[in-house]
Amino acid sequence: MILKREFYLQPTLKVARELLGKKLCYGDLEGRITETEAYLKDDRACHASRGMTERNSVMFGPPGHAYVYFTYGMHHCMNVVTQPESVAEAVLIRAVEPLNGVEEMIRNRGREKNIADGPGKLCQAFGIDKRLNGIDMTRGKFVVRDDGFRPKKIDKGRRIGIKLDADKLWRFYF
DNA sequence: ATTGGGATCGTCT
DNA sequence: GACGATCCCAATA
C-alpha cells in the first residue's frame with residue numbers, strides 16, 4: 044500500500060526510522076530504502092532553518108510531498124516533507140537497494156556498481172530531478188510503498204556532509 | 001581501507 | 001562572490 048498523509052504527520056525522527064525498509068517507487072523503478080536522515084525545523088543543518096526561500100519553500104508545504112534540490116553543481120537529492128503546513132521538516136532519502144528496473148538504473152548511472160547507495164546516486168538512478176520538486180507522493184507514480192518488509196535491526200549515526208548540528212544522531216540505516 | 005582533490009552551478013549572503 | 005544534505009578517481013598506507 045502507498046504511504047499516506049498520516050504516516051508523514053508522525054514525528055519526523057519516527058518517520059525517518061520507519062521509512063527504512065519501505066519501497067521507493069517511480070514508475071517501474073523500485074528500491075528498498077536503506078538509509079535516511081531527519082532534518083528538523085530548529086536544526087541549523089536544515090535548509091529551512093533560516094526561513095523560507097525559493098529553493099526550500101516546498102518544505103513549508105503539506106506533508107508527503109517531495110522536496111528535490113540540486114547541489115554541488117551536479118547532483119540532485121530528494122526528501123519527503125513531514126509535519127503539517129508551515130512546519131518545515133523533512134526526511135532525506137540517502138540510499139536504496141535496487142529491486143526493480145535495475146537495468147534502467149544501470150543505464151542511468153553509466154555503471155553497474157554503487158547504483159543507488161548515496162543521495163545523489165539514487166536520484167540519478169531513478170531519474171529524479173527538480174521537475175519532481177513539490178509533487179504529492181501520496182498518490183501517482185512517484186510514491187513510497189509498504190510491502191510488509193521490516194528491517195531486522197536499525198542503526199543510527201551522525202548525518203553526513205554537514206557542519207552545523209553535526210553531533211545529532213539523526214541518520215538511520217540498516 | 002582510507003584519504004584528498006577536482007568537477008560544476010544554483011542558491012544565498 | 002562563496003560554498004554546498006555529493007561523487008568519483010587516484011594515491012597512499
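Take 44 as the starting number for the first sequence in the numbering used here and just add one per residue.
The beta-carbon is built from N, C-alpha and C at its ideal position, and this holds for glycine as well.
Source: prediction; values computed, not measured.
What residue range does the beta strand (DSSP E) around residue i cover?
{"i": "Arg137", "result": "Glu132 to Asn143"}
{"i": "Tyr110", "result": "Ala109 to Thr114"}
{"i": "Cys89", "result": "Counting along the chain, Cys89 falls outside any beta strand (DSSP E), and DSSP gives it neither H nor E."}
{"i": "Leu67", "result": "Lys66 to Tyr69"}
{"i": "Ala209", "result": "Counting along the chain, Ala209 falls outside any beta strand (DSSP E), and DSSP gives it neither H nor E."}
{"i": "Lys57", "result": "Unbroken run through Lys57 is the alpha helix (DSSP H), Thr55 to Glu61; no beta strand (DSSP E)."}
{"i": "Lys156", "result": "Lys156 -> no beta strand (DSSP E), and no H or E assigned at all."}
{"i": "Gly200", "result": "Asp198 to Gly200"}
{"i": "Tyr74", "result": "It is Gly, not Tyr, that sits at residue 74 in the sequence shown. Where Gly74 is concerned, the enclosing beta strand (DSSP E) stretches over Leu72 to Tyr82."}
So, with DSSP's three-state summary, where would you put residue i?
{"i": "Asn148", "result": "Note that residue 148 is Met in the sequence shown here, rather than Asn. Three-state DSSP puts Met148 in a helix."}
{"i": "Gly163", "result": "helix"}
{"i": "Leu175", "result": "helix"}
{"i": "Met121", "result": "strand"}
{"i": "Phe103", "result": "helix"}
{"i": "Phe192", "result": "coil"}
{"i": "Phe217", "result": "coil"}
When the Cα atoms are used, what is the spatial distance from residue i to residue j?
{"i": "Pro141", "j": "Lys84", "result": "31 Å"}
{"i": "Gly116", "j": "Leu56", "result": "29 Å"}
{"i": "Arg98", "j": "Ala59", "result": "22 Å"}
{"i": "Lys211", "j": "Ala88", "result": "10 Å"}
{"i": "Ser129", "j": "Pro106", "result": "10 Å"}
{"i": "Lys195", "j": "Lys65", "result": "13 Å"}
{"i": "Glu49", "j": "Val101", "result": "18 Å"}
{"i": "Arg201", "j": "Thr77", "result": "15 Å"}
{"i": "Leu165", "j": "Pro54", "result": "25 Å"}
When you compare each of the options to residue i by their alpha carbons, which one comes out closest?
{"i": "Leu67", "options": "Phe169, Arg193 and Tyr216", "result": "Phe169"}
{"i": "Ile203", "options": "Ile45, Thr79 and Met44", "result": "Thr79"}
{"i": "Arg193", "options": "Phe217, Glu132 and Leu46", "result": "Phe217"}
{"i": "Ile136", "options": "Glu146, Val111, Arg150 and Pro127", "result": "Val111"}
{"i": "Gly183", "options": "Gly94, Arg75 and Ala109", "result": "Ala109"}
{"i": "Lys47", "options": "Glu146, Thr125 and Tyr69", "result": "Thr125"}
{"i": "Ile255", "options": "Gly104, Glu61, Val187 and Tyr51", "result": "No information on residue 255 is available, as it lies outside the stretch 44 to 217 that the chain covers here."}
Name the two residues that bound the continuous alpha helix (DSSP H) containing residue i.
{"i": "Phe50", "result": "Arg48 to Tyr51"}
Examine the ligand MN and report whether any of its heavy atoms sits within less than 6 Å of the Cβ of residue i.
{"i": "Lys184", "result": "Absence of the ligand MN is noted for the structure shown, with no ligands found whatsoever."}
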